[in-house]
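Residue numbers (the working numbering): -18 to 414.
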Amino acid sequence: MQEKKSIHGAWASRWIFILAATGSAVGLGNIWKFPYIAGENGGGAFVLVYLVCILMVGVPIMMAEVFIGRRGRQSPINAMKDVAIEANHSGKWSFVGWMGVLAGFMIFSFYSVVAGWVLYYIAGMGTGDFIAIGSDDAGKVFNDLLADPQTLLIWHTIFVAMVMVVIVGGVKKGLENAVKLLMPALFILLLIMLGYSMQTEGFSQGFDFLFHFDFSELSWNAVLIALGHSFFTLSLGMGAIMAYGSYMPKKTSIGGSVITIAAMDTIVALIAGLVIFPIVFANGMDPGAGPGLMFVTLPVAFGQMPGGQIFGFVFFLLVGIAAWTSAISLIEPAAAWLVEKFGWSRVPACIVLGLVVWGLGIAALGSFNFISDFKMMGFNVFDFLDFMTANVMLPLGGLFIAIFAGWFVTRKMAEDELAISSPLLFNAWYIAL
Ligand code: PFF
């Protein structure tokens, strides 16, 4: 078969693909969500289940996504359609791409609100607002922020603009340049933070908390949370990785790249835990504080430590960068589709998408103030979006992708694209699906 090319361009090398996909994977999920859900679910045993989910479910599905994307060389909607047709099945498989675009919008709308909090904290840390702050006051700063739709709107708007500025540049000038600059910065900042936390008195306690496997604390619900989070953290089940795969050079190993990405994502989550929990324990605070862990507990801890202002600033900057490179991948599939479908340039596509996600974000930020009484299935809008995407839509999308790649695509196509030389490994992938 003659090789297809993407009209959007291609990554310069395999490493750029790995960097971009790692940028998508490493985000608020690793630094904000993973530590607090691990904290709420007892630590060690939860971490172990999470690692098993990454390896047994996440890696095989990510390989499937990359392979479908690279085979189809288009946005997930069109790639699913074309690959299905190539395998003599209905083009209606494009619904998986559609569900992904919807999930991307839904995730973006609450993601951008949290990223907005992060930007607010970067500014607050930088100007010394949290020096020697007590936990009541830190709680008040966070609650006052949540209660103030105008401030939330400003930061949400800035974040949407930051994301659109990258997407408008397209694959090469936008995405590739952004990840080349931001990902090394992210790793350096993370190592600085790890060095800092290793010097605190709480380090061994934090380490124990993450790696002491006590199964009596583990519930079924925790297993489900770990499974859902493994999709969220690897950006699976919604086409983000499929879109990035469609820009991947042909002659590069999918399996090796995916394992590298999953390993880097996992290492960042574990390091984030090793940064956060020691600081929490060194200050005698509660690891199970929930979503406020990063925004209330940590600032108090930083406020009391030597050099806390600088390191607090570095920490939130790191989180902001991580959120930025992830948010890009939430919108890229929809942007690529608009360009393919209507022949638009990226400018109108980004204006339309920017307005859509900006508007949706307003509903998410209103959950904490002007529409706090509005409930769906017992959740406010923000929690509903989080729950529906991480625990329902992404696992469902992942399931469809697994069924599609394992049962509908021909084995020959999969063998061609994955080019795994060991039959044993290929079969292991197939069976995992
Ligand atoms: N993986 C991101 C994180 O852990 O924060 C979140 C995410 C990005 C999920 C992109 C899904 C996605 F398509």
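Glycine included, every Cβ here is placed at the ideal spot set by N, Cα and C.
Per DSSP, Lys161 is one residue of the alpha helix (DSSP H) stretching across Asn158 to Met179. When secondary structure is reduced to three states using DSSP, Phe355 falls in the coil class, being assigned neither helix nor strand. Inclusion of Ser5 in the 8 Å shell around ligand 1 follows from its C-beta lying nearer than that to a non-hydrogen atom of the ligand.
The three-state secondary structure of Phe360, taken from DSSP, is strand. In this model, Val64 and Arg51 are separated by some 10 Å (Cα to Cα). In the displayed model, Gly237 falls within a helix according to three-state DSSP. Beyond the five residues adjoining it in sequence on each side, Phe381 comes within less than 6 Å, by CB distance, of Val77 in the same chain, given in chain order. Between Tyr225 and the set Gly23, Ala45 and Phe262, the nearest pair of CA atoms involves Ala45.
Cβ neighbours of Gly301 within its own chain (closer than 8 Å, five residues either side excluded): Ala96, Val99, Leu100 and Ile103. Take the alpha-carbon of Ala282 and the one of Cys34: they are about 32 Å apart. Annotation for Ala315: Val82, Gly85 and Leu334 place their beta carbon closer than 7 Å to its own, counting only its chain and skipping 5 residues before and after. If you draw a straight line from the Cα of Asp125 to the Cα of Val277, it is about 12 Å long.
Of the candidates Ile139, Asp267, Gly220 and Val328, the residue whose Cα lies closest to the Cα of Asn59 is Gly220. The distance from the Cβ of Ile312 to that of Val47 is about 19 Å, inconsistent with a contact at the 8 Å cut-off. Counting along the chain, Trp325 sits inside no alpha helix (DSSP H), nor does DSSP assign it H or E at all.
Counting along the chain, Asp397 sits inside the alpha helix (DSSP H) bounded by residues Arg392 to Leu399.
Collapsing the DSSP output to three states places His193 in coil. Pairing Trp325 with Gly254, the inter-Cα distance amounts to about 43 Å. Our two residues, Gly23 and Leu32, have alpha carbons roughly 15 Å apart in a direct line. For Pro130, the uninterrupted alpha helix (DSSP H) run begins and ends at Pro130 to Val149, by DSSP. Taking Ala409 as the centre and dropping the five residues before and after it, the same chain places no C-beta closer than 8 Å to its C-beta. The beta carbons of Ser93 and Phe140 sit closer together than 9 Å.
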